[in-house]
Amino acid sequence: MNIITLDQKDVNQFWNLRICLLRELGEISTKTNLSNLEKSTKEYFLSNINKSLICYGVINNNDIISIASLCLFSRIPYQENLNGKEGYILNVFTSPEFRKKGLAKLLLQEIIRYANRHNIKKTCWRN
Numbered sequence: 298m299n300i301i302t303l304d305q306k307d308v309n310q311f312w313n314l315r316i317c318l319l320r321e322l323g324e325i326s327t328k329t330n331l332s333n334l335e336k337s338t339k340e341y342f343l344s345n346i347n348k349s350l351i352c353y354g355v356i357n358n359n360d361i362i363s364i365a366s367l368c369l370f371s372r373i374p375y376q377e378n379l380n381g382k383e384g385y386i387l388n389v390f391t392s393p394e395f396r397k398k399g400l401a402k403l404l405l406q407e408i409i410r411y412a413n414r415h416n417i418k419k420t421c422w423r424n
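This is the structure we're talking about:
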């Protein structure tokens, strides 16, 4: 298993894991228009990947089995963050059959390394 940085070619696998995550969280209902959600998600991914959206994945036999994302944004600088660069960690998900192997931890460590390399002063996530 290897960690990769996702790019545009990974849009379909990203979507497949994201929809599994949303279902698991109970965020998909009978009222959810999956076609619109898929279209919007893929458009966002393709427009933002490796710009304001950084995604890492774990590959197993050419399949992405675990993902974690960092959404980058800028805010008005303040004393502790004079460059204003911040990131929001989201979309952390591992396929059920590969859980309890520390994959999410590895991906979060990769996100932290990215943030440190790019002088992103603050990262957060909501549980």
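Residue numbers for the sequence shown, in this note's numbering: 298 to 424.
All residues carry an ideal CB built from backbone N, CA and C; glycine is no exception.
Worksheet entry | Neighbourhood of TRP422 by C-beta, 7 Å cutoff - its chain only, sequence neighbours within 5 removed | TYR385, ILE386, LEU387
Worksheet entry | Contact under 9 Å by Cβ, ILE362 with GLY354 | Judged by their CB atoms, ILE362 and GLY354 are nearer to each other than the 9 Å cut-off.
Worksheet item: Which ranges does the beta strand (DSSP E) cover as unbroken runs of at least 3 residues, wholly within the region 312–371, from first to last along the chain?
Response: 350–357, 360–371
Worksheet item: DSSP three-state call for ASN398: helix, strand or coil?
Response: Inspection of the sequence shows that residue 398 is occupied by Lys rather than by Asn. If DSSP states are grouped into helix, strand and coil, LYS398 belongs with coil.
Worksheet entry | Outcome for SER366 when other beta-carbon atoms lying within 10 angstroms are tallied against a minimum of 16 | buried
Worksheet entry | Counterpart residues of ILE386 in DSSP-defined beta bridges | LEU367
Discussion item. Please tell me whether LEU314 and PHE395 are closer than 9 Å, where the distance is taken between their beta carbons.
Written reply: Not a contact, by the Cβ cut-off of 9 Å.
Worksheet item: PHE311 to GLU321, Cα distance in whole Å?
Response: PHE311 and GLU321 have their C-alpha atoms some 15 Å from each other.
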